[in-house]
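Q:
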Amino acid sequence: MRNIFKVLSFLCIIIFNSCKEPVIPPSAFGPIPTQRQLDWHDMEFYAFIHFTINTFTDKEWGFGDESPELFNPSHFDAQQIVSTAKNAGMKGLILTTKHHDGFCLWPTKTTEHNISKSPYKNGKGDIVKEIFDECRKQGLKVGVYLSPWDRNNKAYGTPEYIKIFRDQLRELLTNYRDVFEVWFDGANGGTGYYGGANEERKVDLTTYYDWENTWEMIRELQPKAVIFSDVGPDVRWIGTEEGYSGDPCWNRYTPKGREEGQIPAGGLTKYWESINGHRDGKYWMPAETNTSIRPGWFYHKSEDDKVKTPEQLVKLYYESIGHGTSLILNLPPDRRGVIHENDVKSLIEFKKIIDKTFSVDYAQNSKVTASNVRGYSKKYSAENVLDNDDETYWATNDEVKKANLVIEFPKETSFNVVNIKEYIPLGQRVWGWALDRWENNQWIEFAKGESIGHRRLWRGSLQVTNKMRFRVTEVGACPLISKISVYQEPVRLSAPVISRSIDGDVTIKSTGTIHYTINGDEPTEKSPIFNAPFSFVSGGTVKAKAFFNGKSSGVSTAYYGYSKRNWKVISVGSEDVNFIGKNTIDENETTYWKSSIGEQDNIVIDMGETLPVKSFIMLPRTDDSKEGLVTHYEFYLSNDNTKWVLAAQGEFSNIYNNPIQQVINLDKIYNDRYIKFVTKEVVNNGNGIISEIGIGVD
Ligand code: FUL
3 MRNIFKVLSF
13 LCIIIFNSCK
23 EPVIPPSAFG
33 PIPTQRQLDW
43 HDMEFYAFIH
53 FTINTFTDKE
63 WGFGDESPEL
73 FNPSHFDAQQ
83 IVSTAKNAGM
93 KGLILTTKHH
103 DGFCLWPTKT
113 TEHNISKSPY
123 KNGKGDIVKE
133 IFDECRKQGL
143 KVGVYLSPWD
153 RNNKAYGTPE
163 YIKIFRDQLR
173 ELLTNYRDVF
183 EVWFDGANGG
193 TGYYGGANEE
203 RKVDLTTYYD
213 WENTWEMIRE
223 LQPKAVIFSD
233 VGPDVRWIGT
243 EEGYSGDPCW
253 NRYTPKGREE
263 GQIPAGGLTK
273 YWESINGHRD
283 GKYWMPAETN
293 TSIRPGWFYH
303 KSEDDKVKTP
313 EQLVKLYYES
323 IGHGTSLILN
333 LPPDRRGVIH
343 ENDVKSLIEF
353 KKIIDKTFSV
363 DYAQNSKVTA
373 SNVRGYSKKY
383 SAENVLDNDD
393 ETYWATNDEV
403 KKANLVIEFP
413 KETSFNVVNI
423 KEYIPLGQRV
433 WGWALDRWEN
443 NQWIEFAKGE
453 SIGHRRLWRG
463 SLQVTNKMRF
473 RVTEVGACPL
483 ISKISVYQEP
493 VRLSAPVISR
503 SIDGDVTIKS
513 TGTIHYTING
523 DEPTEKSPIF
533 NAPFSFVSGG
543 TVKAKAFFNG
553 KSSGVSTAYY
563 GYSKRNWKVI
573 SVGSEDVNFI
583 GKNTIDENET
593 TYWKSSIGEQ
603 DNIVIDMGET
613 LPVKSFIMLP
623 RTDDSKEGLV
633 THYEFYLSND
643 NTKWVLAAQG
653 EFSNIYNNPI
663 QQVINLDKIY
673 NDRYIKFVTK
683 EVVNNGNGII
693 SEIGIGVD
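So the sequence shown is residues 3 to 700, counted in the numbering used here.
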């Protein structure tokens, strides 16, 4: 009898469902991603490899006159480079096949300025091939960075160069393997060697490169590759090299210039627009967050102690991938041709934290209910957010503008990370969302935001509850949510904070017992304990690590030049009343000297005693503004403030996009008492602004 009843009710369900109107699938909203963009969204995390002649000249930008003879890695190891990226969880790698100095890492037919003229493998080497072959072996996708600006090529600035540039691209996209991304930098035109002309060449960024035809060629040769630049067309630059993306960060974007029919090569990106994108943007043009594991893009020994800590990398992960952008993290090979041990170590620790965090999804086996399900259909049910299939999603009826979904955990659950994914093939539809926890018989909001897109990670304080509610508070079109999961990030001791006073005393703050070193070694429980500030006037590297209850923090590193406690500014060409010269020696990175006579100003400092000077340090302004950044300098030394020797001059390459502390090594050790710093050229010919000037001890 019970069986007959079961069969009857089963038949009823079948008849009922077959009589029902089929549920109409949701339609697309706004611009939608192409297949190549969808594939790219899934990449999420990949490496940038900056490697060229700059590695051997200790520069960020080469002038273009460097001899190919300089390129000679002693132990180049593609296997080590690629496995470092892979072990960090990266799915691909983009290589600087040619940077602004024009040196090509493959034996191109287009210019003599290439690896075949270097001593590496007696001119028989091909770094592009070695790295790409290794990526194939290890299952990583590859991409090419080919600098449009070429400071070596004599034809740069003429139409002939565009042909050369395209031929280089053609070689790269034909002779190697499938690429997933072609990367074009926005820095274009300026001074350079240009085949011996040694001059400044400016190009019209909106017309010179004729990008449309180059893009067409890429589509023909590598139809699956996305094209990256300041203005897309497939992937946009986030607008900063510091390593974060905006919140919200929309996949939609209308780049400046594009509406006017222009395709600028760079320079027109408005940071504040690109960082967030446009909710109503005309194009699907998601952002890529680019940054380096070190302050610079190329390897510099002086930055061995400035590698991002595992904690900083984790933060970066949440502030890029967690905002729906991809993360391209630069790992610069050193002069041996391998990724330095310090970088490898930090990446391994970072990966451990990420793996530990995302190993258990506490929302699995929960009961899920939604305020509305599209046509009551199973196809769009709330449960779809729990499976691991990105193709299934919870959808509501078209008219729904606000909706919510409740996840009832199998038992009380603690979490501090929530992962939400939208079904993006039909566009970015959610404009506002919030998360609540159930506590004392009521809902308490603990998170909210605007954009979701490919992935949105919320990271915050520990929530302890048996129910979580996801609320959609504003939409462009009915929400389509493919995933919600919750995780617990292991709690770690935060790394100590190191500071030095104007008198040269070092203080270290943290919870637990702090151990430190001043010889460059990583602190252990055997290293000295920090109890009270200690004098560190002669400068060097301080490393500190906290220990508590069997746990330890990451290592903090601080590098100091000579203490400036006896220094005096004895003259300035000019100064703004609110930004006086003295601010360059107050060890406070938020106070600045600002000239009031434009470029070509100078400041003279008396160090109070004769010191061995091996390098000098210039810290640019540390807020986000570009105004006053000094791009070219002269650095003089003197014993008597009368006779001056020009110890260094040149450009602070890439300071506009990456305004980090500049350390310039001198060609020898000088013994002097007075320093004079000249602000030769300033962004937009403005008044130079500087935070600190110092002397390095290494
Ligand atoms: C910048 C370039 O000028 C840097 O050298 C580096 O390649 C970075 C990724 O883009 O704008």
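In this text, a Cβ means the ideal position worked out from N, Cα and C, and glycines have one as well.
Are there three or more Cβ pairs, one per stretch, closer than 8 Å when the stretch 540 to 548 is compared with the stretch 491 to 506?
A: Flag = yes, the stretch 540 to 548 and the stretch 491 to 506 touch.
Q: Please indicate yes or no: does the CB of His634 lie closer than 7 Å to some heavy atom of the ligand FUL?
A: His634 Cβ: outside cutoff for every heavy atom of the ligand FUL.
Q: Express the C-alpha separation of Asp212 and Pro297 in angstroms, rounding to a whole number.
A: If you take the alpha carbons of Pro297 and Asp212, they lie about 33 Å apart.
Q: Look at the alpha carbon of Asn521 and the alpha carbon of Gln170, and state the distance between them as a whole number of angstroms.
A: So the two alpha carbons sit approximately 46 Å from each other.
Q: Taking the alpha-carbon of Thr592 as reference, which of Arg567, Ala650, Ser693, Ile671 has the nearest alpha-carbon?
A: Taking only the C-alpha atoms, the option nearest Thr592 is Ser693.
Q: Quick check on Ala372: does DSSP put it in helix, strand or coil?
A: Strand.
Q: At what residues does the beta strand (DSSP E) containing Glu476 begin and finish?
A: Here the beta strand (DSSP E) through Glu476 covers 458 to 477.
Q: Let me know if Pro335 comes out buried or exposed under the rule of 16 or more other beta-carbons within 10 Å of its beta-carbon.
A: Classification for Pro335: buried.
Q: Mind listing, in chain order, the continuous beta strand (DSSP E) runs of no fewer than 3 residues lying wholly within the stretch 81 to 166?
A: With a minimum length of 3 residues, the continuous beta strand (DSSP E) runs that stay inside the stretch 81 to 166 are 94 to 100, 143 to 148.
Q: Using the Cβ count rule (16 or more neighbours within 10 Å means buried), how would you classify His77?
A: His77 should be labelled exposed.
Q: Measure from the C-beta of Ala384 to each C-beta in chain C and report whether the shortest distance is under 8 Å.
A: Of the chains in the structure shown, none is chain C; there is only one protein chain.
Q: As a quick check of your reading: which residues have a C-beta less than 5 Å from at least one non-hydrogen atom of the ligand FUL, in chain order?
A: Every residue passing the under-5 Å Cβ criterion appears here: Asp187, Ala189, Trp299, Asn656, Asn659.
Q: Within 10 Å of its beta-carbon, does Val647 have 16 or more other beta-carbons around it, so buried, or fewer, so exposed?
A: Its Cβ having fewer than 16 others within 10 Å, Val647 is exposed.
Q: For Ser322, report the span of its alpha helix (DSSP H) as first-last.
A: Per DSSP, Ser322 belongs to the alpha helix (DSSP H) from 312 to 322.
Q: With a 10 Å radius around its C-beta and 16 neighbouring C-beta atoms as the bar for buried, classify Ile15 as buried or exposed.
A: With a pLDDT of 47 at Ile15, under the threshold of 50, the predicted position of this residue should be treated as unreliable, and no value is reported.
Q: Give the straight-line distance between the Cα atoms of Phe73 and Gly583, rounded to the nearest whole angstrom.
A: Distance between the alpha carbons of Phe73 and Gly583 is about 41 Å.
Q: Rank Arg675, Gln490, Asp669 by C-alpha distance to the C-alpha of Ser640 and give the top, closest one.
A: Minimum Cα distance to Ser640 is reached at Arg675.
Q: Could you say if the stretch 225 to 235 and the stretch 32 to 46 meet the contact criterion of at least three C-beta pairs nearer than 8 Å?
A: Contact holds: three or more Cβ-Cβ distances are below 8 Å.
Q: Where DSSP assigns a beta bridge to Trp252, which residues make up the other side?
A: Partner(s): none; Trp252 has no beta bridge.
Q: Ignoring anything shorter than 3 residues or poking outside the stretch 475 to 561, list the beta strand (DSSP E) runs there in chain order.
A: The stretch 475 to 561 contains these whole beta strand (DSSP E) runs: 482 to 489, 499 to 502, 507 to 511, 515 to 519, 542 to 550.
Q: Is DSSP giving Val346 helix, strand or coil here?
A: In the structure shown, Val346 sits in a helix (DSSP, three-state: H, G or I).
Q: Exposed or buried, which one is Ile17 when buried takes at least 16 other CB atoms within 10 Å?
A: Any reading at Ile17 needs caution, since the residue's pLDDT is 48, under 50, leaving its predicted position unreliable; the model's value is listed next. Exposed, because fewer than 16 other Cβ atoms sit within 10 Å of the Cβ of Ile17.
Q: Mind checking Asn19: buried by the 16 CB within 10 Å criterion, or exposed?
A: In this prediction, Asn19 scores a pLDDT of 47, lower than 50, which makes its location untrustworthy; no coordinate-derived value is stated.
Q: Are the beta-carbon atoms of Glu410 and Ile483 separated by less than 8 Å?
A: No. Outside cutoff.
Q: Give me the Cα-Cα distance between Thr713 and Ala80, rounded to the nearest whole angstrom.
A: No answer is possible for residue 713: the residues shown for the chain start at 3 and end at 700.
Q: Measuring CB to CB, does Ile572 end up less than 8 Å from Val615?
A: Result no, Cβ atoms of Ile572 and Val615 do not sit closer than 8 Å.
Q: Tell whether a beta-carbon distance below 8 Å holds between Arg457 and Gly324.
A: Cβ atoms of Arg457 and Gly324: closer than 8 Å.
Q: What is the C-beta distance between Trp299 and His52, in whole angstroms, given that I count them as a contact (C-beta under 8 Å)?
A: Indeed they touch by this definition, with Cβ atoms about 4 Å apart.
Q: From the DSSP output, which residues share a beta bridge with Asp608?
A: Note: Asp608 sits in a beta bridge opposite Lys570, Tyr676.
Q: For the putative contact between Asp438 and Glu447, defined by C-beta atoms under 8 Å, what is the C-beta separation to the nearest angstrom?
A: About 5 Å separates the two Cβ atoms, so the contact holds.
Q: Ignore the nearest five residues each way along the sequence and tell me which others in Tyr178's own chain have a CB closer than 7 Å to its CB.
A: Only Val130, Lys131, Phe134 meet the Cβ criterion.
Q: I need the DSSP call for His302, collapsed to helix, strand or coil.
A: Three-state result, His302: coil.
Q: Tell me whether Glu401 is buried or exposed, calling it buried when 16 or more other Cβ atoms sit within 10 Å of its Cβ.
A: Result: exposed.
Q: For Ala30, count neighbouring C-beta atoms within 10 Å of its own C-beta (all shown protein chains included) and say buried if the count is 16 or more, exposed if not.
A: It counts as exposed.
Q: Between Glu68 and His115, what straight-line distance do the alpha-carbon atoms span, to the nearest angstrom?
A: Rounded to whole angstroms, Glu68 to His115 spans 9 Å at the Cα level.
Q: Which one of Glu343, Phe417, Glu601, Gly478 has the shortest CA to CA distance from Ala449?
A: Minimum Cα distance to Ala449 is reached at Phe417.
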